[in-house]
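Here is the structure we will look at, set down as structure tokens.
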Amino acid sequence: MTHAHITSWLITILLFLIVVSLQRSGSAKVKIAQMVLRLFYIFTIITGLLLLHSIASISILYIVKTIAGLWVIGAMEMVLVNMKKGKSAKAAWIQWIIAFALALFLGLSLPLGFDIF
Ligand code: HEM
10 MTHAHITSWL
20 ITILLFLIVV
30 SLQRSGSAKV
40 KIAQMVLRLF
50 YIFTIITGLL
60 LLHSIASISI
70 LYIVKTIAGL
80 WVIGAMEMVL
90 VNMKKGKSAK
100 AAWIQWIIAF
110 ALALFLGLSL
120 PLGFDIF
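Its first residue numbered 10, the sequence shown is counted upward by one per residue in this note's numbering.
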């Protein structure tokens, strides 16, 4: 399941960057790309919840990891909404970077799958 989760969030991040560049160039393909992106949010959340479900004793770090993962998704939506409205997306980008770094660090330091940190 960790591999499904990693594949899913990697595709989510890639799609997010693609949607951002399509939005910047004003392409009509942005709508369909954003629909696929939202589908991958769901895959990422489901695989994350299944990972959580597979753990016998959940420590507080898992809860923080889950919140960080959901925060990454929330920040991506904030970036896209602000860009669409023509507002500054700077605050949303900063949140995205912090949340992504936190989710990566916690995910990789928790024991399942790769245990790098
Ligand atoms: C785009 C957002 C996300 C990123 C970048 C991310 C990143 C990661 C990474 C790098 C791992 C470690 C995988 C491994 O060691 O093999 C992981 C594991 C995990 N993720 Fe996520 N994740 C995200 C979203 C979520 C969400 C939304 C949830 C919950 C609903 C979640 C729950 C988990 C759980 C429970 C683990 C297992 C922790 C462990 O290694 O012991 N993640 N995630």
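Backbone N, C-alpha and C define an ideal beta-carbon position, used for all residues, glycine too.
All figures in this text were calculated on a predicted structure; none of them were measured in a lab.
query: Spatially closest choice to Ile-51 from Ile-20, Ile-125 and Ala-98, by CA coordinates; result: Ile-20
query: Straight-line gap, Met-41 to Ser-66 (C-alpha atoms, nearest Å); result: The identity of residue 41 in the sequence shown is Ile, whereas the question assumes Met. Cα to Cα, Ile-41 sits roughly 40 Å from Ser-66.
query: beta-carbon Ala-110 near ligand 1 non-hydrogen atom, thresh 7 Å; result: no
query: Beta-carbon proximity check, Ala-100 vs Ala-77, cutoff 8 Å; result: no
query: Other residues of its chain near Leu-117: CB distance less than 8 Å, five sequence neighbours each side excluded; result: Phe-123, Asp-124, Ile-125 and Phe-126
query: Other residues of its chain near Ile-27: CB distance less than 7 Å, five sequence neighbours each side excluded; result: Ala-42
query: Classification of Ile-82 by the beta-carbon crowding that lies within 10 angstroms, buried from 16 upward; result: buried
query: Three-state secondary structure assigned by DSSP to Lys-96; result: coil
query: Lys-74 CB to nearest heavy atom of ligand 1 below 7 Å; result: yes
query: Best match in Lys-93, Ile-106, Leu-121 and Gly-35 for proximity to Ile-22 [C-alpha to C-alpha]; result: Ile-106
query: First through last residue of the alpha helix (DSSP H) which encompasses Ile-55; result: 39-62
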